[in-house]
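The listed protein sequences derive, respectively, from chains A and B. Throughout the first sequence, residue numbering follows UniProt numbering, covering 1 to 338 in sequence. Throughout the second sequence, residue numbering follows UniProt numbering, covering 1 to 340 in sequence.
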Amino acid sequence: MPAMNMLQALNSAMDVLLDKHPETVIFGEDSGYFGGVFGATQGLQKKYGLDRVFDAPINEAAIAAMAIGMAAKGLKPIAEIQFADYIFPAFDQIISEMSRLRYRSAGQFVSPVVVRSPWGGGIRGGQTHSMSPEAFFTHIPGVKVAVPSNPYDAKGMLIAASEGDDPVIFFEPKRIYNGPFDGVPDAPLSSWAKHPKGEVPEGHYRVELGKAEIVREGEACTVVTYGTLVHVAVNAAEKAGIDAEIIDLKTLAPYDIETIVASVNKTGRVVVAHEAPRTSGFGAELAAQIQEECFYALEAPVFRLTGWDTPYPHAHEWAYFPGQARFIRALQTVTEAR
Amino acid sequence: MAARQSASSKSTSRTRKPSGPGADTYIGWYRDMLLIRRFEEKAGQLYGMGLIAGFCHLYIGQEAVVVGVQSALREGDQVITGYRDHGHMLATGMTANGVMAELTGREGGYSRGKGGSMHMFSREKQFFGGHGIVGAQVSLGTGLAFANAYREDGKVCATYFGDGAANQGQVYESFNMAKIWNLPVVYIIENNQYAMGTSVKRSSSETHLFKRGVSFNIPGEEVDGMDVNAVYEAAKKAVEHARSGKGPYILEMKTYRYRGHSMSDPAKYRTRDEVNEYREHKDPIDLAKKRILDNKFASEDELKAMEKEIKKIVQESAEFAQSSPEPDPSELYTDVLIEA
Ligand SMILES: Cc1ncc(C[n+]2csc(CCOP(=O)(O)OP(=O)(O)O)c2C)c(N)n1
Ligand SMILES: [Mg+2]
């Protein structure tokens, strides 16, 4: 199997979708001719033509809205929002139209749109290139929210998302597009070629949404996280010598509570982690659900490791981002609590 | 609204000799453009050295636009723009030190390290940012213009945006409101022909962006944005129009950025020849220099001395931006809401 980085894997997914399904169309700002600012759609316009892979003006609201219209008539649009920080002009259309079309037409019409968007921090991008706005979207009944953490999943999940019949907000952790990140700032980039999940089949396969994966087994505590922080968590556990079980959630809505409950019932201790601000972050949902379902198994309070309740900072990014040092402290806190 | 009518009657416009710009004006423009150019080159270097984090968009090539417009404004007029903002700040008189130190995320930066390249402000200079969200500043600038009219203070808001931003929906919502209420705003579209990797012809059904106000009854004009004098003349007319209570005005500045969209853009979507054509034959600074020398406004030696002085300002700003301390980590949590 060829080694791919996340961008190549996403590109391969779209290639497969375009090839297999004549209904697939791909568009977004700089997505066509230029091939996307990170190169995710590179070469696709050339291969499939201007009708199927094309540039949109800087019009997030209408990009989302037109995708809904296309999808309602049976197309399978994959729309790119250049950075998750720029999704907010499209927010109204996603909430008011995309998420509710199935419900309010009693199933006569659906809007199976995939909105792809580079997401998350750790790239020194400051407040308008670093956000993790997933919790705004997990709060909307009627859309799925996915965050892959490696090339294999990125490809399989994007194919599953587009072949499904529901709208999916597909956030791509851009910090790990080119290689996994251990949470130590300025450490040299490691390569996906050395990671087992960097091996990606060329053809069609699916990684179904809604299933979490235990990426590291352990007994001392459970870590529930997604995206870039999956790798930070694994490295922190190894570095600290803590026998943590690490769950890569992969899909946030709907999320795989069974896998979480089974793990927490075993370990009794849990860290939920994300980059987004703490208050009303997705970790709040996880913590609430864990205490409802595992209350009598818990041996320590659920620990939320998150960004702070501030805009994403320009200076002091690493005081904000839950990097390796903060992760190790979190693991120690939950495992040492008596 | 009575507010706006009396705002117009109060305003007086600066009259200028009909003979074209004099020596001082031209030399001032040249100096301001050169400062921006050298500042941006230095910022590019610091970025390359890893001293500037994140996204950094250079203004090189477009200097005549902001310098020409600024000289048509009066003290107290507002300026607002997008993320390609270093030139606008220097043109309003914000210091090279304060801007450079914000790029490096230091205490001495205009936003004390909180904003970075794209998000800087100066109350003193009435510079309202520095906005990373494409198009957002157009509506904000229209709101500033509303406040000018409401306060009857005769101020005008210069609202800059790019050819790409010109397609955002909120731009047209704002145009309409600006004309309904005849707000004192000048919309300056910096048409450098590309929005990141997408050329105007690939993104716009009407590529003459000065016509974008037609259905709102907003006058518009195309301007050679590489010629600082042409920019000044057009801006003067537009600013007077706005200040006199006649409402918004659109100036489409035909310009060009020499560098990539941001520091991380190899700019493969255009040819070397296209870039060189502008650099070599249409450069705004070369053009101003030629006019100065042709008219004997200054000698080569005088311009050299000026260059040296600018080099020093820029060098100092680079040193300041590295020696100014990082903000205290507690700054992370301040200015989110009013402090209790
Ligand atoms: C709402 C929003 N969408 C997308 C982006 C990403 N983006 C940043 S700059 C840019 C191109 C803007 O081009 P233009 O308005 O022509 O300005 P220029 O860069 O040429 O100065 C894009 C798409 C953004 N910052 N904000
Ligand atoms: Mg442009």
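Beta carbons: idealized from backbone N, C-alpha and C, even for Gly.
Exercise for the section: Compute the Euclidean distance between the alpha carbons of Pro148/A and Asn191/B, then round it to the nearest angstrom. Expected result: One-based indexing of the first sequence puts residue 148/A at position 148. One-based indexing of the second sequence puts residue 191/B at position 191. If you take the alpha carbons of Pro148/A and Asn191/B, they lie about 38 Å apart.
Problem - Anticipated Cβ contact below 8 Å, Val224/A with Leu286/A, distance rounded - result: Along the first sequence, one-based indexing puts residue 224/A at 224. Along the first sequence, one-based indexing puts residue 286/A at 286. The Cβ separation is near 6 Å, so the contact holds.
Exercise for the section: Return the CA-CA distance between Ile313/B and Gly108/B, expressed in angstroms with no decimal places. Expected result: Within the second sequence, the letter at position 313 stands for residue 313/B. Within the second sequence, the letter at position 108 stands for residue 108/B. So the two alpha carbons sit approximately 16 Å from each other.
Exercise for the section: Select from Ser111/B, Gly54/B, Asp32/B the residue whose C-alpha is nearest the C-alpha of Gly87/B. Expected result: Counting from 1 along the second sequence, the entry for residue 87/B is found at position 87. Closest by alpha carbon: Asp32/B.
Handout entry: Interface residues of chain A facing Ala165/B [CB-CB closer than 8 Å]
Key = Counting from one through the second sequence, the residue named residue 165/B turns up at place 165. What Ala165/B touches in chain A: Ile58.
Practice task
Step through the CB atoms of chain A and report whether any lies within less than 7 Å of the CB of Gly105/B.
Solution key: In the second sequence, the residue the question calls residue 105/B occupies position 105. Closer than 7 Å: yes.
Problem - Proximity below 7 Å, CB of Val67/B to CB of Ala91/B - result: As a first step, residue 67/B is located in the second sequence; it is residue number 67 there, counting from the start. As a first step, residue 91/B is located in the second sequence; it is residue number 91 there, counting from the start. In this structure, Ala91/B lies closer than 7 Å to Val67/B by Cβ.
Problem - Chain-ordered neighbours of Phe34/A on chain B, where CB pairs are closer than 9 Å - result: For the purposes of this step, residue 34/A is identified with residue 34 of the first sequence, where counting begins at 1. What Phe34/A touches in chain B: Met196, Gly197, Thr198, Lys268, Tyr269.
Problem - Interface residues of chain B facing Val37/A [CB-CB closer than 7 Å] - result: Here residue 37/A refers to the residue found at position 37 when the first sequence is read from its first residue. Within 7 Å Cβ-Cβ: Met196.
Exercise for the section: Could you name the residues of the same chain whose beta carbon sits closer than 8 Å to that of Ala154/A, not counting the 5 residues immediately before and after it, in chain order? Expected result: Along the first sequence, read from residue 1 onward, the residue named residue 154/A stands at position 154. Here the set comprises Met6, Ala9, Leu10, Ala13, Pro148, Glu172.
Handout entry: Val194/B beta carbon near ligand 2 (any heavy atom closer than 6 Å)
Key = Reading the second sequence from its first residue, position 194 is the one you call residue 194/B. Residue 194/B is actually Tyr in this sequence, not Val. Yes; taking the cut-off as 6 Å, the Cβ of Tyr194/B has a heavy atom of ligand 2 nearer than that.
Practice task
Compute the Euclidean distance between the alpha carbons of Ser6/B and Glu152/B, then round it to the nearest angstrom.
Solution key: For this step, residue 6/B is matched to residue 6 along the second sequence. For this step, residue 152/B is matched to residue 152 along the second sequence. With a pLDDT of only 38 at Ser6/B, under the threshold of 50, the placement of this residue in the model should not be trusted; the figure read from the coordinates follows. Inter-residue distance for Ser6/B and Glu152/B is about 7 Å (C-alpha atoms, whole angstroms).
Problem - Check whether Ala267/B and Pro184/B have beta carbons under 7 Å apart - result: Position 267 of the second sequence, counted from the first residue, corresponds to residue 267/B. Position 184 of the second sequence, counted from the first residue, corresponds to residue 184/B. No.
Exercise for the section: Please work out which residues of its chain come closer than 7 Å, Cβ to Cβ, to Ala288/B, disregarding the five sequence neighbours upstream and downstream, and give them in chain order. Expected result: Along the second sequence, one-based indexing puts residue 288/B at 288. Spatial neighbours of Ala288/B in its own chain (CB-CB distance under 7 Å, excluding positions within 5 residues in sequence) are listed in chain order as Tyr26, Trp29, Tyr30, Met33, Val228.
Handout entry: Reference Arg270/B, options Gln193/B, Gly169/B, Phe175/B, Lys246/B, closest by Cα
Key = As a first step, residue 270/B must be located in the second sequence, where it is residue number 270. Ranking Gln193/B, Gly169/B, Phe175/B, Lys246/B by Cα distance to Arg270/B puts Gln193/B first.
Exercise for the section: Please go through the same chain and pick out, in chain order, the residues whose beta-carbon is closer than 8 Å to the beta-carbon of His231/A, but skip the five residues on each side of it. Expected result: Translated into the one-based positions of the first sequence, residue 231/A becomes position 231. So the qualifying residues of the chain are Ser149, Ile176, Pro180, Phe181, Asp182, Gly183.
Practice task
May I ask which residues mark the beginning and end of the beta strand (DSSP E) holding Thr333/A?
Solution key: Residue 333/A sits at position 333 when you count from the first residue of the first sequence. Per DSSP, Thr333/A belongs to no beta strand (DSSP E); it is in the alpha helix (DSSP H), 324–336.
Exercise for the section: Could you work out which residues of chain B lie near Trp308/A, taking near to mean beta carbons separated by less than 8 Å? Expected result: The sequence position of residue 308/A within the first sequence is 308, counting from 1. Under the 8 Å cutoff, chain B gives Leu332, Tyr333.
Exercise for the section: Work out the CA separation of Ile94/A and residue 359/A for me, nearest whole Å. Expected result: Look at the range of chain A in this structure, 1 to 338, and you will see that residue 359/A is not part of it.
Practice task
Indicate the three-state DSSP secondary structure (helix, strand or coil) for Gln78/B in the structure shown.
Solution key: By 1-based counting over the second sequence, the position of residue 78/B is 78. Correct three-state label for Gln78/B: strand.
Practice task
Please report the Cβ distance between Thr310/A and Leu303/B, rounded to the nearest whole angstrom; I am assuming they are in contact, meaning their Cβ atoms lie under 8 Å.
Solution key: Translated into positions along the first sequence, residue 310/A becomes position 310. Translated into positions along the second sequence, residue 303/B becomes position 303. About 47 Å; that fails the 8 Å criterion.
Practice task
Return the CA-CA distance between His195/A and Met157/A, expressed in angstroms with no decimal places.
Solution key: Here the question's residue 195/A lines up with position 195 in the first sequence. Here the question's residue 157/A lines up with position 157 in the first sequence. C-alpha separation (whole angstroms): 18 Å.
Exercise for the section: Hey, could you find the ends of the alpha helix (DSSP H) Gly162/B is sitting in? Expected result: Sequence index remark: in the second sequence, residue 162/B carries index 162 (1-based). Unbroken run through Gly162/B is the beta strand (DSSP E), 157–162; no alpha helix (DSSP H).
Problem - Nearest-angstrom beta carbon gap, Val115/A and Ala146/A [assumed within contact, 8 Å] - result: By one-based count along the first sequence, residue 146/A stands at place 146. By one-based count along the first sequence, residue 115/A stands at place 115. Actually they do not touch by this definition, with Cβ atoms about 10 Å apart.
Exercise for the section: Tell me, please, whether the CB atom of Thr128/A is closer than 7 Å to any CB atom in chain B? Expected result: Residue numbering aside, residue 128/A sits at position 128 when the first sequence is read from its first letter. Yes, because at least one Cβ of chain B sits closer than 7 Å to the Cβ of Thr128/A.
Handout entry: For Met306/B, the three-state DSSP class (helix, strand or coil)
Key = Walking along the second sequence from the start, residue 306/B turns up at place 306. Note: Met306/B maps to helix in three-state DSSP.
Problem - Top-ranked residue by Cα proximity to Ala165/B, from Thr198/B, Val156/B, Val336/B - result: Against the second sequence, residue 165/B aligns to sequence position 165. Of Thr198/B, Val156/B, Val336/B, the residue nearest in Cα terms is Thr198/B.
Problem - Other residues of its chain near Met98/A: CB distance less than 7 Å, five sequence neighbours each side excluded - result: Position 98 of the first sequence, counted from the first residue, corresponds to residue 98/A. Ala64, Ile68, Ser111, Val113, Val143, Pro167, listed in sequence order.
Practice task
Would you check if the distance between the CB atom of Asp243/A and the CB atom of Gly218/A is smaller than 7 Å?
Solution key: Here residue 243/A corresponds to residue number 243 of the first sequence, with the count starting at 1. Here residue 218/A corresponds to residue number 218 of the first sequence, with the count starting at 1. Yes.
Practice task
Please confirm if the region 321–336 of chain A is in contact with the region 290–306 of chain A, defined as three or more CB-CB distances below 8 Å between the two stretches.
Solution key: Verdict: yes, contact present.
Handout entry: Cα-Cα separation, Thr335/A to Gly241/A
Key = What you label residue 335/A is simply residue 335 of the first sequence in a count that begins at 1. What you label residue 241/A is simply residue 241 of the first sequence in a count that begins at 1. Taking the straight line from one Cα to the other gives about 12 Å.
Handout entry: Beta carbon proximity, Phe55/B to chain A, threshold 7 Å
Key = For the purposes of this step, residue 55/B is identified with residue 55 of the second sequence, where counting begins at 1. Yes, because at least one Cβ of chain A sits closer than 7 Å to the Cβ of Phe55/B.
Exercise for the section: With a threshold of 6 Å, establish whether the CB of Gly162/B neighbours any heavy atom of ligand 2. Expected result: Within the second sequence, numbered from 1, the residue matching residue 162/B stands at position 162. Result yes, Cβ under 6 Å from ligand 2.
Practice task
Out of Ala195/B, Leu251/B, Pro21/B, Ala234/B, state which residue places its alpha-carbon closest to the alpha-carbon of Val214/B.
Solution key: Position 214 of the second sequence, counting from 1, holds the residue named residue 214/B. Looking at Ala195/B, Leu251/B, Pro21/B, Ala234/B, the one whose alpha-carbon comes closest to that of Val214/B is Leu251/B.
Practice task
Kindly say whether Gly116/B, judged by its beta-carbon, lies nearer than 7 Å to any beta-carbon of chain A.
Solution key: On the second sequence, position 116 is the one that residue 116/B refers to. It does: the Cβ of Gly116/B has a partner Cβ on chain A nearer than 7 Å.
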